[in-house]
Amino acid sequence: MSNPIVISSDDKIENIHSHFKVIAGPGAGKTYWLIEHLKNVIHNSKNITNTSKIACITYTTVGVEEILNRLDKNIDNVEVSTIHGFLYKNIVKPYAHLLLDEEGEPMINIEEMSGHVKNIASPGKVYQWQSKVNNSRYITDKIKVKECLEELDWILEENDFILKPRNEFKRRIGTYFIKVEDFPAYKKLFWDEGVIHHEDVLYFSYRLLKKHPILLEHISAKYPFMFLDEFQDTNPIQAEIIKWIGKSGTVIGVIGDPAQSIFKFQGATREKFIDFSLPNQIDLKIENNRRSGKKIVQFLNHIRQGDSLSQKEIRTDSFNNIYYMECSGNVDQTISRFHDLRKEMKLKEDYCILARRNDTVQILNNSETTEVWTDFSSIDRYRESLLKSLLSGYKLVNDQRIDMAIKEIIRNLKTNQEDLLREPFQDNQFLGSISKRGLAVDLLEFVVNKINYNKNQTIFEFYNSLNDLLNEKGYTLKRIMRGKIREFSEETTVQELLNNLILPEEKSTEIRTIHKAKGAEFESVMVYFNDEKEIENLLNPDIDASKDDTRILYVALSRAEDLLCLVSPPLESKIKKKIEDLNIREWPKS
Numbered sequence: 043m044s045n046p047i048v049i050s051s052d053d054k055i056e057n058i059h060s061h062f063k064v065i066a067g068p069g070a071g072k073t074y075w076l077i078e079h080l081k082n083v084i085h086n087s088k089n090i091t092n093t094s095k096i097a098c099i100t101y102t103t104v105g106v107e108e109i110l111n112r113l114d115k116n117i118d119n120v121e122v123s124t125i126h127g128f129l130y131k132n133i134v135k136p137y138a139h140l141l142l143d144e145e146g147e148p149m150i151n152i153e154e155m156s157g158h159v160k161n162i163a164s165p166g167k168v169y170q171w172q173s174k175v176n177n178s179r180y181i182t183d184k185i186k187v188k189e190c191l192e193e194l195d196w197i198l199e200e201n202d203f204i205l206k207p208r209n210e211f212k213r214r215i216g217t218y219f220i221k222v223e224d225f226p227a228y229k230k231l232f233w234d235e236g237v238i239h240h241e242d243v244l245y246f247s248y249r250l251l252k253k254h255p256i257l258l259e260h261i262s263a264k265y266p267f268m269f270l271d272e273f274q275d276t277n278p279i280q281a282e283i284i285k286w287i288g289k290s291g292t293v294i295g296v297i298g299d300p301a302q303s304i305f306k307f308q309g310a311t312r313e314k315f316i317d318f319s320l321p322n323q324i325d326l327k328i329e330n331n332r333r334s335g336k337k338i339v340q341f342l343n344h345i346r347q348g349d350s351l352s353q354k355e356i357r358t359d360s361f362n363n364i365y366y367m368e369c370s371g372n373v374d375q376t377i378s379r380f381h382d383l384r385k386e387m388k389l390k391e392d393y394c395i396l397a398r399r400n401d402t403v404q405i406l407n408n409s410e411t412t413e414v415w416t417d418f419s420s421i422d423r424y425r426e427s428l429l430k431s432l433l434s435g436y437k438l439v440n441d442q443r444i445d446m447a448i449k450e451i452i453r454n455l456k457t458n459q460e461d462l463l464r465e466p467f468q469d470n471q472f473l474g475s476i477s478k479r480g481l482a483v484d485l486l487e488f489v490v491n492k493i494n495y496n497k498n499q500t501i502f503e504f505y506n507s508l509n510d511l512l513n514e515k516g517y518t519l520k521r522i523m524r525g526k527i528r529e530f531s532e533e534t535t536v537q538e539l540l541n542n543l544i545l546p547e548e549k550s551t552e553i554r555t556i557h558k559a560k561g562a563e564f565e566s567v568m569v570y571f572n573d574e575k576e577i578e579n580l581l582n583p584d585i586d587a588s589k590d591d592t593r594i595l596y597v598a599l600s601r602a603e604d605l606l607c608l609v610s611p612p613l614e615s616k617i618k619k620k621i622e623d624l625n626i627r628e629w630p631k632s
């Protein structure tokens, strides 16, 4: 990207029919600029008709919700979704019947196909797969097999696909390696049941477009414009598909920040964004930071040193120092000190505490981590699936995402081709698509009220109360009678399920992982470092490194508007000196 044009978030592109790429750092107003550009295209392009829309793609469902809220009355002209949602709706779902294996047989049971889900290797599926590939005699560690299978992804190498775990070392279990050629048999177990995983959406979309390029013409006719936010999080398969769509006539616009590319474990690389190019593409750059105070922006530029973008602070009302604290082991006390600092600075309740790992977040939340959901799934995957959707709905309501909560429950009220409910419901109960939303709303209201009243009830009690409600609506669950499920449900509480239920995205949680804070901003931010290795990325940052470590730190630091506080285990005096040399002050000064 050579000599990009520098613009502000208020500037418009005059030639709205050219491809473009925008690099903009945190707090630059990327989403504001994107919304204004969408409005500009809607009002001035003659290519938007009654049968066409602008496709607006962002990385998370939280991002989708934010854009929809900001579009207001222009919403009818724009289809906003994640890339997986867009590809599933426009390519995989309507054309899955064209996917054939080498023998000319259908790859997917399309009669049972219903959306796309996360790849969960249940004990039953692990057993089925190992029996099919005949490796259970020498690969016996079921937990490591599960971890390996759940890391499977489609890797595009020299125009061909290889299915393997994202981390190669996961193939090694004990002294043996799982054969790469055995992995497709695992996927086929799901496809035969009509189940496809998130990563399969990209794989199937690529295959369909490669073999049937005429589909690209249909997409371009339906979507004459396609704009993609957070494009630094794209992977090679996505980037290739977007280029195909662009070369078929759709105007492509991508927006992002290479310094915030932190999803390498999902195949995303900063290079794919930097190198992305289409004919006659306009390259743009927004340098301003409207979010953070002066000292925070200066510190962010230290982390970003050597990069092509250096931000300029816009705010003239925030000059707060950056602080660090040492935590000797009592995290509650440390969090209390962080709140004391906030109060002394007369800041509001808008804060977030960030850590890199899920287990650290559990510690900061005083939550005990167990394998309760894995145990539940191994005993009864149908009841586990239903209750997980209901409790996810409860957490989404607490996260102020009611519409997403309803959609989550609807997605798990699974029916067959005749609209008959599947397990754990009794046989031959009809639930039409029109009635699903009404039932989902009733279930969500029940769950919220029931859990708020008593989180310590057992699963057995909760499940029976749920069945009573469903009976009033004309539906019946299979009763929990005896065996392992009876024992498990009577010994496990709803609270334990909630404590170990991690949503893929969060909007308002006060303690979360850095990855789940992407795109968010808070008046006060506390970043928790686990060890001196993480501190090293603060002292000697490498924003261009192949590993994501510095960029993950950069994302965390850049969420702060007015107060940034760094917390670590006790440090050696020489490390403390280096931190203070960066103009970071200790709180409280010992």
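Quick note: the sequence shown, position 169, residue 211 per my numbering, numbers continuous.
Backbone N, C-alpha and C fix where the C-beta goes; we use that ideal spot for every residue, glycine too.
DSSP three-state call for Pro207: helix, strand or coil? Strand, per DSSP.
Run through DSSP, which three-state label would Val559 get? In the sequence on display, residue 559 carries Ala and not Val. The answer is helix: DSSP assigns Ala559 an H, G or I state.
Grouping DSSP H, G and I as helix and E and B as strand, with all else coil, what is Ser10? Because residue 10 is not part of the residues shown, which for the chain are 43 to 632, the question remains open.
Let me know the alpha helix (DSSP H) ranges lying completely inside the segment 67-123, each 4 residues or longer, listed in chain order. 72-86, 103-113
Three or more C-beta pairs under 8 Å: does that hold for the segment 57-70 against the segment 237-255? Result no; under three Cβ-Cβ pairs closer than 8 Å.
Asp604 - containing beta strand (DSSP E), residue span: 602-610
Distance between Leu539 and Asn440 (C-alpha atoms, nearest Å): 16 Å
Quick check on Pro148: does DSSP put it in helix, strand or coil? strand
When burial is assigned at 16 or more other CB atoms within 10 Å of the CB, is His344 buried or exposed? exposed
Out of Leu205, Gln170, Thr182, Leu191, point me to the one whose CA is closest to Asp234's CA. Gln170
For Tyr180, which residues from the same chain have a beta carbon less than 6 Å from its beta carbon, with the 5 sequence-adjacent residues on both sides left out? Tyr218
Measure how close the beta-carbons of Ile238 and Ile150 come, nearest whole angstrom, since I'm counting them as under 8 Å. 7 Å
Label Thr412 either buried or exposed according to how many other C-beta atoms from any shown protein chain fall within 10 Å of its C-beta, with 16 as the threshold for buried. exposed
Mind pulling the alpha helix (DSSP H) runs of 4 or more residues that sit fully within the segment 461-531? 475-495, 501-515
Could you please give me the residues that DSSP links to Glu282 through a beta bridge? According to DSSP, which records beta bridges pairwise, Glu282 is partnered with nothing at all.
May I ask you to report which of helix, strand or coil DSSP gives Ser632? Unreliable positioning characterises Ser632 in this predicted model, as indicated by a pLDDT of 49, which lies under 50. The coordinate reading is nonetheless provided below. Reduced to three states, the DSSP call for Ser632 is coil.
Taking the alpha helix (DSSP H) that Glu223 belongs to, which residues open and close that run? Run containing Glu223: none; DSSP gives neither H nor E here.
Please state whether DSSP places Met268 in a helix, a strand or coil. Strand, per DSSP.
Exposed or buried, which one is Leu142 when buried takes at least 16 other CB atoms within 10 Å? exposed
Determine the burial state of Asn209: buried for a count of at least 16 other Cβ atoms within 10 Å of its Cβ, exposed for fewer. By the C-beta density criterion, Asn209 is exposed, having fewer than 16 other C-beta atoms within 10 angstroms.
Do Lys72 and Ser51 have their CB atoms nearer than 9 Å? Contact flag set, yes.
Tell me the DSSP bridge mates of Ala397? Thr555, Tyr570
Between the segment 492-506 and the segment 527-545, do three or more beta carbon pairs fall short of 8 Å? yes
State the Cα-Cα distance for the pair Arg464 and Gly146, rounded to the nearest angstrom. 30 Å
What is the DSSP secondary structure of Met155, counted as helix, strand or coil? Of the three classes helix, strand and coil, the one that applies to Met155 here is coil, per DSSP.
Rounded to whole angstroms, what is the Cα-Cα separation between Ser434 and Pro46? 43 Å
Report the option in Glu108, Tyr101, Ile117 whose CA atom is closest to the CA atom of Ser94. Ile117
Does the segment 288-295 touch the segment 130-140, meaning 3 or more C-beta pairs lie closer than 8 Å? Taking a contact to require three or more Cβ pairs closer than 8 Å, the segment 130-140 and the segment 288-295 do not qualify as touching.
For Gln274 and Gln302, believed in contact at Cβ under 8 Å, the rounded distance: So it is a contact: roughly 6 Å between Cβ atoms.
Rounded straight-line distance, which links the Cα of Asp382 to that of Leu342: 25 Å
In whole angstroms, give me the CA-to-CA distance for Arg346 and Glu313. Spanning the two alpha carbons is a distance of roughly 16 Å.
Find out if the Cβ-Cβ distance for the pair Glu107, Arg443 is shorter than 9 Å. yes
What does a CB cutoff of less than 8 Å around Pro278 pick up in its chain, not counting 5 residues either side in sequence? Leu198, Gly309, Thr311, Lys314
Which residue from Gly480, Asp271, Asn625 puts its Cα closest to that of Leu512? Gly480
Please classify Pro630: is it buried, with 16 or more other beta-carbons within 10 angstroms of its beta-carbon, or exposed? exposed
Outcome for Asp445 when other beta-carbon atoms lying within 10 angstroms are tallied against a minimum of 16: exposed
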